[in-house]
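Before any comments, here is the structure.
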Amino acid sequence: MKLTGFDSQDSHNDQKKEVITMYNPNCQNCNFKKNTSNGNCTRYKPTDGFSIRCSPPWTIEKYKPINLYCHMLTSKLEKKRKLNYIDLFAGPGQYCDRSSGMIYDGPPLFVLRYDVDHLYLNDINPDNVKALSVRIKKNMGRVTIYNKDVDLVAREINERLSDDSISFCFIDPDDIENFKYDTIKQLSKDREVDLLINFTYGLDYRWSVHSNQNKYNEYFGTDKWRFIEDKYKANDIIFRAHALMKLYIEQLNKIGYLKPPAGREYKNIFPIHNTRQGTLYYLIFASKRREGYEFCKKMRAYTIPWRKLQIDI
Ligand SMILES: C[S@@+](CC[C@H](N)C(=O)[O-])C[C@H]1O[C@@H](n2cnc3c(N)ncnc32)[C@H](O)[C@@H]1O
345 MKLTGFDSQD SHNDQKKEVI TMYNPNCQNC NFKKNTSNGN CTRYKPTDGF
395 SIRCSPPWTI EKYKPINLYC HMLTSKLEKK RKLNYIDLFA GPGQYCDRSS
445 GMIYDGPPLF VLRYDVDHLY LNDINPDNVK ALSVRIKKNM GRVTIYNKDV
495 DLVAREINER LSDDSISFCF IDPDDIENFK YDTIKQLSKD REVDLLINFT
545 YGLDYRWSVH SNQNKYNEYF GTDKWRFIED KYKANDIIFR AHALMKLYIE
595 QLNKIGYLKP PAGREYKNIF PIHNTRQGTL YYLIFASKRR EGYEFCKKMR
645 AYTIPWRKLQ IDI
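The sequence shown lines up with residues 345 to 657 when you count with this note's numbering.
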């Protein structure tokens, strides 16, 4: 079954075009663990010949808040302010949904369709950076692509952001060992950088204290997570995840990120679910501007509902 023809060149020739999709027969009965390398498909490449990421069906849910936020920022922003999009873990820019075989654009490519002044994209994997460069070619004037470790790129991007700019940064690491609290500090120093963070820690007990504890100190920017780990056992998994998220948000408050308005605490958290409606991880939104949370409130209507954190600490 072929849904539409696919020519990846189209996607950068015409930014207004709908996302281009195609059925990828290689996905049928694919053992994706065996047939991926660094998250990219090893069996199939689109017609441009560059890497695509093998994605689970819930990836689309993860991209919804990015689309909604970019839409609101670009339609409401005062014209005199410059708007930047930053993606610290950008991937190759195109994705293959492993259940349907659909090929679709990821954030770096769909954000280009909005009236964003500049995009700063980074990925440590040279194959992803090559793929991004080819797919973004026509728009290179408003894109800077880095091929660096995230720790090394944050300060550099911060120095490129003008005083009057507003930036929106998507932080989507594979796991917490790839990311440090200090990186957010460097990136957002003296700048208004709204954040959407894939909080991958908390629901999975494989990533618990038994691994490298220094990594967790660096991720949270504190060692207070240990008290939470000590308190909650595996059967308290939701309490543990929520308590850890609360701690993470408090850490963001320390570096200038506002608390959401009273009565809307934690409504800046977007849970991402698998196909059986089990929560997999959370996206945390944070802003130094009140308006950021106003946008966030409007976004909720279009995402999976969320009541309140279950915390008893
Ligand atoms: C979970 S994927 C996210 C890709 C993309 N944001 C998406 O929506 O699918 C993580 C990406 O981060 C890259 N990466 C892993 N460690 C990194 C690091 N230390 N610095 C920069 N990029 C890194 C990987 O190559 C991979 O493309």
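Don't be surprised by glycine CBs; every beta carbon is placed ideally from N, CA and C.
{"Asked": "With H, G and I counted as helix, E and B as strand and the rest as coil, what does DSSP make of Ser477?", "Found": "helix"}
{"Asked": "Residues in its own chain within less than 6 Å of Glu521 by CB, not counting five upstream and five downstream?", "Found": "Lys559"}
{"Asked": "Where does Cys414 sit, in a helix, a strand or coil, going by DSSP?", "Found": "helix"}
{"Asked": "Below 8 Å between beta carbons: does that hold for Ile613 and Leu624?", "Found": "no"}
{"Asked": "Tell me which residue opens and which closes the beta strand (DSSP E) that Val460 is part of.", "Found": "Where Val460 is concerned, there is no enclosing beta strand (DSSP E), given that its DSSP letter is neither H nor E."}
{"Asked": "Secondary structure at Thr527, three-state DSSP: helix, strand or coil?", "Found": "helix"}
{"Asked": "Look at the alpha carbon of Ile572 and the alpha carbon of Arg442, and state the distance between them as a whole number of angstroms.", "Found": "35 Å"}
{"Asked": "Would you call the CB atoms of Trp473 and Leu463 closer than 8 Å?", "Found": "First, the residue type needs correcting, since residue 473 is Val and not Trp in the sequence shown. No, these two residues do not count as a Cβ contact at 8 Å."}
{"Asked": "For Asn597, name the three-state secondary structure that DSSP assigns.", "Found": "helix"}
{"Asked": "How about Ser477: is its Cβ closer than 7 Å to a heavy atom in ligand 1?", "Found": "no"}
{"Asked": "Could you check if Asp534 is buried or exposed, using at least 16 other CB atoms within 10 Å of its CB as the buried criterion?", "Found": "exposed"}
{"Asked": "Return yes when the C-beta of Pro451 is under 7 Å from any heavy atom of ligand 1, and no when it is not.", "Found": "yes"}
{"Asked": "Where Leu412 and Gln557 are concerned, what is the direct C-alpha to C-alpha distance, given to the nearest angstrom?", "Found": "36 Å"}
{"Asked": "Contact check, Tyr439 vs Ile410 under 8 Å by CB: the rounded distance?", "Found": "Wrong, their Cβ atoms sit about 13 Å apart, outside the cutoff."}
{"Asked": "Would you kindly work out how many angstroms separate the C-alpha atoms of Gln621 and Phe512, rounded to a whole number?", "Found": "28 Å"}
{"Asked": "If you follow the alpha helix (DSSP H) that Gln372 is in, where does it begin and where does it stop?", "Found": "Premise fails: Gln372 is in no alpha helix (DSSP H) and is neither H nor E."}
{"Asked": "Counting C-beta neighbours from all protein chains within 10 Å, is the total for Pro390 16 or more, i.e. buried, or is it exposed?", "Found": "buried"}
{"Asked": "Rounded to the nearest angstrom, what separates Leu653 and Leu417 at their Cα positions?", "Found": "The predicted position of Leu653 is uncertain, since its pLDDT is 49 and thus under 50; no value can be drawn from it."}
{"Asked": "In the segment 600 to 645, which residue ranges form an unbroken beta strand (DSSP E) of at least 3 residues, counting only runs that do not cross its ends?", "Found": "613 to 617, 623 to 630"}
{"Asked": "Applying the criterion that 16 or more other CB atoms from any shown protein chain within 10 Å of the CB defines a buried residue, is Asp351 buried or exposed?", "Found": "Confidence at Asp351 is low in this model, with a pLDDT of 32, below 50, so the placement of that residue should be treated as unreliable; the coordinate-derived value is given next. Asp351 comes out exposed."}
{"Asked": "If we call anything under 8 Å between Cβ atoms a contact, is Gly607 one with Lys632?", "Found": "no"}
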